[in-house]
Structure formats: C-alpha cells, structure tokens
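Asks:
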Amino acid sequence: MGLDYLSFVGSFPVSLQIGSARKDFYIHEALIKQHFETLYDAYIKSRCNEREIFEDVEEDTFVRFVEFAYTGSYSVPHPAALPAMNENDDGRRAPAEPDTVPYPDETSLQAGTGAVPLDEPIAEAPSITEDCAIAEPPAPTAEEVTEFPSEISWNGWSSKKMKKKRKQFTDYHPFPESLPLEEPSIGESRGATTKKETLWNSFTSRARLKALSPWEPDTSPDADLDFSPVLLSHARLYVFADRFKTSPLRQLTLDRLRLTLSRFDLFSERTDAIVGLLEYTYKKTEDSEDDLDKLRELVIDYVACHVENLTENRAFLHLLQEPGSLCKDLMLKVLQRLD
Numbered sequence: 001m002g003l004d005y006l007s008f009v010g011s012f013p014v015s016l017q018i019g020s021a022r023k024d025f026y027i028h029e030a031l032i033k034q035h036f037e038t039l040y041d042a043y044i045k046s047r048c049n050e051r052e053i054f055e056d057v058e059e060d061t062f063v064r065f066v067e068f069a070y071t072g073s074y075s076v077p078h079p080a081a082l083p084a085m086n087e088n089d090d091g092r093r094a095p096a097e098p099d100t101v102p103y104p105d106e107t108s109l110q111a112g113t114g115a116v117p118l119d120e121p122i123a124e125a126p127s128i129t130e131d132c133a134i135a136e137p138p139a140p141t142a143e144e145v146t147e148f149p150s151e152i153s154w155n156g157w158s159s160k161k162m163k164k165k166r167k168q169f170t171d172y173h174p175f176p177e178s179l180p181l182e183e184p185s186i187g188e189s190r191g192a193t194t195k196k197e198t199l200w201n202s203f204t205s206r207a208r209l210k211a212l213s214p215w216e217p218d219t220s221p222d223a224d225l226d227f228s229p230v231l232l233s234h235a236r237l238y239v240f241a242d243r244f245k246t247s248p249l250r251q252l253t254l255d256r257l258r259l260t261l262s263r264f265d266l267f268s269e270r271t272d273a274i275v276g277l278l279e280y281t282y283k284k285t286e287d288s289e290d291d292l293d294k295l296r297e298l299v300i301d302y303v304a305c306h307v308e309n310l311t312e313n314r315a316f317l318h319l320l321q322e323p324g325s326l327c328k329d330l331m332l333k334v335l336q337r338l339d
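Using UniProt numbering, the letters of the sequence shown map in sequence onto residues 1 to 339.
1. Measuring alpha carbon to alpha carbon, tell me which residue in 80, 23, 284 is nearest residue 239.
2. Give the straight-line distance between the Cα atoms of residue 210 and residue 203, rounded to the nearest whole angstrom.
3. Could you give the distance in angstroms between the alpha-carbon of residue 281 and the alpha-carbon of residue 47?
4. For residue 325 and residue 37, I'd like the C-alpha separation in whole angstroms.
5. So, using beta-carbon positions, are residue 62 and residue 31 closer together than 7 Å?
6. Compute the Euclidean distance between the alpha carbons of residue 272 and residue 223, then round it to the nearest angstrom.
7. Checking 7 Å against the spacing of the C-beta atoms, do residue 55 and residue 15 come in under that value?
8. For residue 310 and residue 316, what's the separation of their Cα atoms in angstroms?
9. According to the neighbour-count rule (16 or more other Cβ atoms, all chains shown, within 10 Å of its Cβ), is residue 79 buried or exposed?
10. Of the choices 300, 329, 5, 197, whose alpha-carbon is the least far from that of residue 289?
11. Are residue 58 and residue 236 close, meaning C-beta to C-beta below 7 Å?
12. Grab me the residues of residue 340's own chain with a C-beta within less than 8 Å of its C-beta, minus the 5 sequence neighbours each way, in chain order.
13. Assuming residue 26 is part of the beta strand (DSSP E), what are its boundary residues?
14. Buried or exposed: where does residue 318 fall if 16 or more other Cβ atoms within 10 Å of its Cβ makes it buried?
15. Applying the 10 Å Cβ sphere with the 16-neighbour rule, what's the burial state of residue 228?
16. What is the DSSP secondary structure of residue 202, reduced to helix, strand or coil?
17. Compute the distance between the beta-carbons of residue 233 and residue 77, then report whether it is under 7 Å.
18. Run through DSSP, which three-state label would residue 336 get?
19. Buried or exposed: which applies to residue 256, given that a residue is buried once 16 or more other Cβ atoms fall within 10 Å of its Cβ?
20. List the whole-angstrom C-beta distance separating residue 42 from residue 27, where the pair is believed to meet the contact cut-off of C-beta under 8 Å.
21. Does the separation of the CB atoms of residue 278 and residue 303 fall below 7 Å?
22. Measuring alpha carbon to alpha carbon, tell me which residue in 33, 22, 5 is nearest residue 71.
23. Assuming residue 293 contacts residue 82 under a Cβ cut-off of 8 Å, what Cβ separation, rounded to an integer in Å, is found between them?
24. Could you pull out every residue in the same chain whose Cβ sits closer than 8 Å to the Cβ of residue 334, ignoring the five residues on either side in sequence?
25. Whole angstroms are fine: how far does the CA of residue 192 sit from the CA of residue 73?
26. According to DSSP, is residue 217 part of a helix, a strand, or is it coil?
27. Unbroken alpha helix (DSSP H) runs of length 4 or more, entirely within the region 37 to 85: which are they?
28. Please state if the CB of residue 68 and the CB of residue 249 are separated by a distance shorter than 7 Å.
29. How many angstroms separate the CA atom of residue 242 from the CA atom of residue 251?
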C-alpha cells in the first residue's frame, strides 16, 4: 500500500478510545480520512454522540491496524508455551504430575547387574612379568654374515659392461640445466590494474541492497506450543477490517491465515487452537444466504480436511451441537470429500 506521507504527516493526530478500558490511541486524522473512510465516519460519530464505538475492539488488534495503516504490514505474536497437561473426565486439561524415578539402593545395584559390592576388595591387575616381555632377536654370528660380491653377473653380463653402456648416455642433455623456466608476472598475465581502478572496484563491489525476505509464518514443530494467539490475531484483524470495510487489510489477513494453516502441524495438543479459531469465526461473522463469509469459508475448509483429528476433541463436538449454521456448513464441505 503506497502512501503519500506528505498528505497526512502535517495533520494533527486524533485520539481513539479502544477497548473496555477506553485507552487512548493516536493516529493522523488525514490518514484515516483519506484511506479508511468508514473508520473515520465511526470516529466522527463517536465524538458527536459520545458513544463508545470501539469498546469491543481489542487493543492489540487496533495496534496491528495502525501498523498496517503506516507500513502496509502487521506483526504476529509468537506461540505461547503450553504447560504439561492431562485430560480430565469432562474433557478439560489439568496439570500433569511430574514423573519421579526412585533412586536405586545399594542392594538393587548389586543384584543381577554384575556390579562389585562396595565392601569387597577389588583384585589387583597382574603386573607385567618377564615372561610377557618382548624378546629381542639374537645378534648374528660372524659365520652368518654373508658378503655380497662387488661384481654381480647375470647370464654373462657383468657390472663392468653395464658401466660402459652408461657412459654413452651421460653427455646427452635434452634441456639446458643452467636456464630455468621463467613464469609470467601477475601484471602480464591479467593486465595491470591501477590504484584508481582498484579503489573504484572496491566501491562498486559494495553497491547493493539487502533483499527483503517475504513474510513467513511461525510453524514450529514443537507440540507444546499454543498457537491460539497466532491464529486469533489474524481472525480478529479480519473482523476489524471487514467491519470498517478495509479491503486490502482484509485480504492480507486471509492470505496470512491460509499460509499459516497450510504449514500447521495438527497435533492432538493443538486441536484446542483450531476449535477456538472456529468458535471465534462463527461468533464474530454474520450468516449470509447468498455467500459464505470469507473467513468462515477458509476456516471451515481447513476443519473439513482434518475432521477426523478434531472429533477426538470434546469441545469441538460440543460446538457442533450449538445453534447456527456451523454444522450445516461443515457437512456441505465434508460431502465434497466423498469419492
């Protein structure tokens, strides 16, 4: 979203009271007037009628909207750590008791393990005796020493004849011994470089921009992480953008939520996050006979693809029994899976 900053940075910031605590948040008036007309109209009505139109908006959601208004993007919270939990009879999770391993006593350590009791003396290792020493070979006697003849002959060829033949080749030199081969200098091999060119090459080699990496969702494979804050941050911002008719922000939240869910590992510990997202979606969006809400369509598509894993969650089964169009929308999507 390209912004003409000169068109609004000169305007005064206005205060919007957000949330049940009515905390003041500031944003340039010209910015919301030019790009967020529906939000600006709501701001004017809240001033004239003294009504708290933004009382049901979460503070962190509005902060993400302000971030998007100035930068065209928004930050996402990190997944929270889940404590070790056990499931009770009512389907809720309770803290698990830590596993304790009793320290073995001396008797259990000795029994059946081949360990030596502490009160038994340990046999000393045998020392190296003379029998184990390496014997040196005896020195050869004078009779065993054999002298080789100074002249050895093979089939009548004596060493004197070989010396004569060697002399015939001693005067031949294929290369002059006193002239070593000269290597070309560095300047001759690749061309001389002046100091000016060296300095310019050093300058241009650093003339580059660091590429901005595209947005990537946090898809940690750790099953003990709670992704509810991550998923709900996209859904809440979508509801805000849909309410005040901010189409670019609404589409961005859908794209990021879809990308996050497409890389989401649905462990049994993470089904609560999906059930919470499904419940929030159908409570904060409206039914429509003509068209299914975009957020509902996205979430129900994901649920239909993983309905087998979610049926083990009791909160999910309880949610299907509540009045509304959730059960109908899910059944219509599940029918599309049948061959």
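For each residue, glycine too, the CB sits at the ideal point set by N, CA and C. Model, not experiment: these values are computed from the prediction.
Replies: Straight from the coordinates:
1. 284
2. 16 Å
3. 30 Å
4. 32 Å
5. no
6. 12 Å
7. no
8. 7 Å
9. buried
10. 329
11. yes
12. Missing from the structure shown is residue 340; the chain here goes from 1 to 339 and no further.
13. 23 to 28
14. exposed
15. buried
16. helix
17. yes
18. coil
19. buried
20. That pair is no contact at about 13 Å.
21. yes
22. 5
23. Incorrect: roughly 30 Å between the Cβ atoms, too far for contact.
24. 304, 307
25. 51 Å
26. coil
27. 37 to 49, 59 to 71
28. yes
29. 10 Å
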